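Participant: Letter by letter, the sequence shown follows residues 1 to 487 of UniProt numbering.
Ideal Cβ placement from N, Cα and C applies to all residues, glycine included.
If you're wondering where the values come from, they're calculated on a predicted model, not measured in any experiment.
Once you've had a glance at the structure underneath, I'll fire off some questions.
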Amino acid sequence: MSEEILINVTPQETRVAVVENGVLQEVYIERARSRGIVGNIYKGKVVRILPGMQAAFVDIGHDRTAFLHASDIRPVSGVENAGPVPPINELLQDGQEVIVQVLKDPIGTKGARLTMQITLPARYLVYLPYSRHIGISQKIGDEATRERLRALVKSALPEGAEEGGYILRTLAETAAEEEIETDIRYLRRVWVACQERIRSAPVLSLIHEDLPLALRAMRDLVRGNVEKIRIDSREVYTKAIDFGIEFIPEIAERIEHYPGERPIFDLYSVEDEIQKALDRKVMLKSGGYLILDQTEAMTTIDVNTGAYVGKRNLEETLFKTNLEAAQTIARQLRLRNLGGMIIIDFIDMAEAEHKRQVLRALERALARDRTKVYLTEMSPLGLVELTRKRTRESLEHVLCQPCPVCEGRGMLKTPQTVCYEIFREILREARQYGADGYLVLASQAVIDLLFDEEAGSMVKLQEFIGKPIQLKVEPLYTQEQYDVVLM
């Protein structure tokens with residue numbers, strides 16, 4: 001499976017598209033005004049301890065205080081402790097200065113999630129400055145390979161190095177000894193610079209900032225099957241080449257500057273695919289479709305057969321639609337970056353073997369996801385629950401905001417509903433105030449209905465209250481807005 005990475009750079013934002021076999025799979029967006037802060041290290045200050053939640057709020061110099069759980073506090077000794085976590089008020093005090101790293105960006109109304117267990121990522125390794133542990137990615141399953149890599153790291157450590165542990169990333173499986181050594185030198189240089197900042201910087205300072213998106217994409221997304229990295233900015237291309245030569249020399253020759261007049265995201269219809277990823281409805285090639293709804297608590301995905309009727313029987317139709325849906329759902333989770341709890345409502349199938357095959361197909365499709373996904377068995381009702389680790393905002397939350405008209409409900413009251421609300425409001429006003437008449441201000445659709453289908457009701461209401469009612473269109477009003485003005 002061949003991959004290309006397209007990087008579109010403007011002064012306002014950087015966008016990265018991961019394309020597999022000509023099909024968009026993932027999109028990353030970083031805006032200059034709202035750069036993500038995951039991976040950043042701060043010198044913060046504890047502002048409030050919550051013993052009941054085993055957590056503390058920490059000021060890191062941002063608008064919202066961040067959240068630090070007791071389980072994410074580094075033991076004083078710097079050695080991992082398998083025992084129970086002590087009470088939070090034994091670990092921290094109000095006003096205490098702490099060195100913390102951001103685990104999760106602020107999402108919605110929630111502040112950033114923090115840890116004191118600092119990690120610094122490189123191409124093949126993650127450095128753990130407060131640990132002596134050497135770990136291996138779980139995706140490297142072969143025991144002989146795991147032992148070889150562990151020995152490789154130990155032999156590559158500089159003489160007299162006593163502090164610091166490492167986790168070998170999945171990419172390290174094919175790394176040469178000199179590449180591991182290069183990563184170790186780079187990570188130790190970064191940590192030395194961090195220590196200097198920790199000593200000299202005032203509280204609420206940024207100690208270390210993660211790489212910008214374009215370089216981060218090269219570090220984290222480029223694997224052996226990536227054929228090209230195309231960048232449409234000459235300046236960022238130059239930085240990428242320098243970064244590649246220093247830290248990832250094997251990919252430097254795959255980095256290209258894209259000078260074409262046609263926008264880079266028009267290749268492989270990336271712009272169109274991003275627009276489609278904002279729709280609730282996703283069409284399947286068979287004629288079926290998915291409906292995706294994001295809520296505060298979870299994301300729900302409903303699978304429907306639509307126009308697909310199959311060739312032989314109903315069970316075959318349902319099975320084929322669910323199989324296609326499983327592939328599409330895995331892609332949509334990556335493309336839309338949906339995280340947290342996700343409920344999939346597959347079409348109910350009678351045969352247990354069909355259910356098993358659909359679930360296995362979903363598992364295989366999710367195996368390509370870089371983000372950790374936990375999947376449950378299919379319930380008797382045909383529901384599949386899964387959780388996908390959430391570290392940043394979904395594509396919809398990055399590009400969109402709740403509709404100011406429906407306030408995120410996705411529905412509006414009908415003009416008829418609003419008419420009846422107006423009638424009740426007029427009756428309420430008539431009982432309370434002795435006005436000479438009433439002026440109704442409302443949207444065009446509501447006023448049209450009052451003049452047309454509800455004209456008889458208007459006449460009866462005027463007779464009942466004994467006062468005239470005038471109607472006026474207010475062009476700026478939404479369908480749900482209205483005012484009843486006393487005359």
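Is DSSP giving Arg113 helix, strand or coil here?
Facilitator: By one-based count along the sequence shown, residue 113 stands at place 113. Note: Arg113 maps to strand in three-state DSSP.
Participant: Does the Cβ of Thr417 lie closer than 7 angstroms to at least one heavy atom of the ligand NAD?
Facilitator: Among the components modelled here there is no ligand, and therefore nothing to report on the ligand NAD.
Participant: Can you tell me whether Val23 is buried or exposed? The criterion is at least 16 other CB atoms within 10 Å of its CB, across all chains shown.
Facilitator: On the sequence shown, residue 23 is found 23 positions in, with the first residue counted as 1. Exposed.
Participant: Pick helix, strand or coil for Tyr28, following the three-state DSSP scheme.
Facilitator: Translated into the one-based positions of the sequence shown, residue 28 becomes position 28. Tyr28 falls in the strand class under three-state DSSP.
Participant: Kindly indicate if chain C contains any beta-carbon less than 8 angstroms away from that of Ala325.
Facilitator: In the displayed structure, chain C is absent; only one protein chain is listed.
Participant: Per DSSP, what kind of secondary structure is Lys389 in: helix, strand or coil?
Facilitator: As a position in the sequence shown, residue 389 is number 389, starting the count at 1. Reduced to three states, the DSSP call for Lys389 is coil.
Participant: Would you report the Cα separation of Gly78 and Arg132, rounded to the nearest angstrom?
Facilitator: Along the sequence shown, one-based indexing puts residue 78 at 78. Along the sequence shown, one-based indexing puts residue 132 at 132. Caution is warranted here: a pLDDT of 45 is assigned to Gly78, below 50, making its placement in the model unreliable, and the coordinate value is therefore given only provisionally. Cα to Cα, the separation comes out at about 9 angstroms.
Participant: Which of the three DSSP states, helix, strand or coil, is assigned to Ser300?
Facilitator: Looking up residue 300 in the sequence shown gives position 300. The residue you asked about is not Ser; residue 300 is Thr in the sequence shown. Thr300: strand per DSSP, three-state reduction.
Participant: Looking at the structure shown, is Asp448 part of a helix, part of a strand, or coil, going by DSSP?
Facilitator: Sequence index remark: in the sequence shown, residue 448 carries index 448 (1-based). Note: Asp448 maps to helix in three-state DSSP.
Participant: What separation, rounded to the nearest whole angstrom, lies between the Cα atoms of Gly340 and Leu359?
Facilitator: Walking along the sequence shown from the start, residue 340 turns up at place 340. Walking along the sequence shown from the start, residue 359 turns up at place 359. Gly340 and Leu359: Cα-Cα distance of roughly 19 angstroms.
Participant: How big is the Cα-Cα spacing for Val28 and Glu271?
Facilitator: Taking the sequence shown and counting its residues from 1, one reaches residue 28 at position 28. Taking the sequence shown and counting its residues from 1, one reaches residue 271 at position 271. One point to set straight first is that residue 28 is Tyr, not Val, in the sequence displayed. For Tyr28 and Glu271, the distance between alpha carbons rounds to 13 angstroms.
Participant: Taking the alpha carbon of Gln96 as the point to measure from, which residue in His208, Arg216, Pro86 and Asp59 has its own alpha carbon closest?
Facilitator: In the sequence shown, counting from the first residue as 1, residue 96 sits at position 96. Per the Cα distances, Asp59.
Participant: With 16 as the cutoff for other CB atoms within 10 Å, does Gly288 come out buried or exposed?
Facilitator: Taking the sequence shown and counting its residues from 1, one reaches residue 288 at position 288. Gly288 should be labelled buried.
Participant: Threshold first: 3 residues or longer. Then list the beta strand (DSSP E) segments lying entirely within the region 346-427, N to C.
Facilitator: As far as the region 346-427 is concerned, its whole beta strand (DSSP E) runs of at least 3 residues are 373-375 and 383-388.
Participant: With DSSP as the reference, label Gln470 as helix, strand or coil.
Facilitator: Taking the first residue of the sequence shown as 1, we reach residue 470 at position 470. In this structure, Gln470 counts as strand in the three-state DSSP scheme.
Participant: Ignore the nearest five residues each way along the sequence and tell me which others in Ala66's own chain have a CB closer than 6 angstroms to its CB.
Facilitator: For the purposes of this step, residue 66 is taken as residue 66 along the sequence shown, with counting starting at 1. Once the five neighbours on either side are set aside, the close Cβ partners of Ala66 are Val58, Ile60, Gly111, Ala112 and Leu114.
Participant: Could you pull out every unbroken beta strand (DSSP E) segment of at least 3 residues lying fully inside the region 112-157, listed in chain order?
Facilitator: Correct list: 113-115, 125-128 and 134-136.
Participant: Can you confirm whether the region 210-220 touches the region 190-198 when touching is taken to mean that 3 or more C-beta pairs between the two stretches lie within less than 8 angstroms?
Facilitator: At 8 angstroms Cβ cutoff, the stretches do not touch.
Participant: I'd like the ranges of any beta strand (DSSP E) spanning at least 3 consecutive residues and lying wholly in the region 178-248.
Facilitator: Those beta strand (DSSP E) runs which fall completely within the region 178-248 and span 3+ residues are 205-208 and 226-231.
Participant: Report yes or no: do three or more beta-carbon pairs, one from the region 478-487 and one from the region 426-444, lie closer than 8 angstroms?
Facilitator: Output reads yes: the region 426-444 touches the region 478-487.
Participant: Which value, in whole angstroms, describes the spacing of the CA atoms of Cys400 and Gly408?
Facilitator: Taking the sequence shown and counting its residues from 1, one reaches residue 400 at position 400. Taking the sequence shown and counting its residues from 1, one reaches residue 408 at position 408. Straight-line Cα distance between these residues: approximately 11 angstroms.
Participant: Helix, strand or coil: which one does DSSP assign to Asn21?
Facilitator: Start at 1 with the first residue of the sequence shown, and residue 21 comes out as number 21. Asn21: coil per DSSP, three-state reduction.
Participant: DSSP beta-bridge partners for Gln294?
Facilitator: For the purposes of this step, residue 294 is identified with residue 294 of the sequence shown, where counting begins at 1. Gln294 pairs with Thr299.
Participant: Could you check what DSSP says for Ile60 in three-state terms: helix, strand or coil?
Facilitator: Counted from its first residue, the sequence shown places residue 60 at position 60. In the structure shown, Ile60 sits in coil (DSSP, three-state: anything other than H, G, I, E or B).
Participant: Please look up how many angstroms separate the CB atoms of Leu149 and Leu120, rounded, as I've assumed it's under 8 angstroms.
Facilitator: If you number the sequence shown from 1, residue 149 lands on position 149. If you number the sequence shown from 1, residue 120 lands on position 120. Rounded, the Cβ-Cβ distance is 19 angstroms, inconsistent with contact.
Participant: Would you decide whether Gln416 is buried or exposed? Buried here means 16 or more other CB atoms lie within 10 Å of its CB.
Facilitator: In the sequence shown, residue 416 corresponds to position 416, counting from 1. Exposed, since its Cβ has fewer than 16 Cβ neighbours within 10 Å.
Participant: Looking only at C-alpha atoms, which of Val459, Met458, Val418 and Ile465 sits nearest to Ala442?
Facilitator: Against the sequence shown, residue 442 aligns to sequence position 442. The candidate whose alpha carbon is nearest that of Ala442 is Val418.
Participant: Should the region 270-285 be called in touch with the region 218-234, which here means at least 3 C-beta pairs below 8 angstroms?
Facilitator: The region 270-285 is not in contact with the region 218-234.
Participant: Residues in its own chain within less than 6 angstroms of Leu362 by CB, not counting five upstream and five downstream?
Facilitator: On the sequence shown, position 362 is the one that residue 362 refers to. For Leu362, where only same-chain residues beyond five positions count, the Cβ hits under 6 angstroms are Ala326.
Participant: Suppose you measure from the CA of Ser200 to the CA of Gln12; what does that come to, to the nearest Å?
Facilitator: Translated into the one-based positions of the sequence shown, residue 200 becomes position 200. Translated into the one-based positions of the sequence shown, residue 12 becomes position 12. Looking at the two C-alpha atoms, the distance is approximately 32 angstroms.
Participant: Provide the residue(s) that pair with Val14 in DSSP beta bridges, ordered along the chain.
Facilitator: As a working mapping, residue 14 is identified with position 14 in the sequence shown. Note on residue identity: the sequence assigns Thr, not Val, to residue 14. According to DSSP, Thr14 bridges with Val9 and Glu30.
Participant: If you compare alpha carbons, which of Thr170, Pro87, Glu396 and Glu143 is closest to residue 506?
Facilitator: No statement about residue 506 is possible, as the shown extent of the chain runs from 1 to 487 and does not include it.
Participant: If I'm right that Val9 touches Asp232 with Cβ under 8 angstroms, what's the distance once you round it to whole angstroms?
Facilitator: In the sequence shown, counting from the first residue as 1, residue 9 sits at position 9. In the sequence shown, counting from the first residue as 1, residue 232 sits at position 232. With 8 angstroms as the limit, Val9 and Asp232 qualify as a contact, their Cβ atoms being about 6 angstroms apart.
Participant: Among Asp348, Tyr237 and Asp293, which residue has its Cα nearest to the Cα of Phe319?
Facilitator: Mapped onto the sequence shown, residue 319 falls at position 319. Out of Asp348, Tyr237 and Asp293, Asp348 has the C-alpha closest to the C-alpha of Phe319.
Participant: Distance, Cα to Cα, Asp94 vs Arg48?
Facilitator: Residue mapping note: residue 94 aligns to position 94 of the sequence shown, counting from 1. Residue mapping note: residue 48 aligns to position 48 of the sequence shown, counting from 1. Approximately 6 angstroms between the Cα atoms of the pair.
Participant: Thinking C-alpha only, which one of Lys43, Arg146 and Glu147 is nearest Gln101?
Facilitator: On the sequence shown, residue 101 is found 101 positions in, with the first residue counted as 1. Answer by Cα proximity: Lys43.
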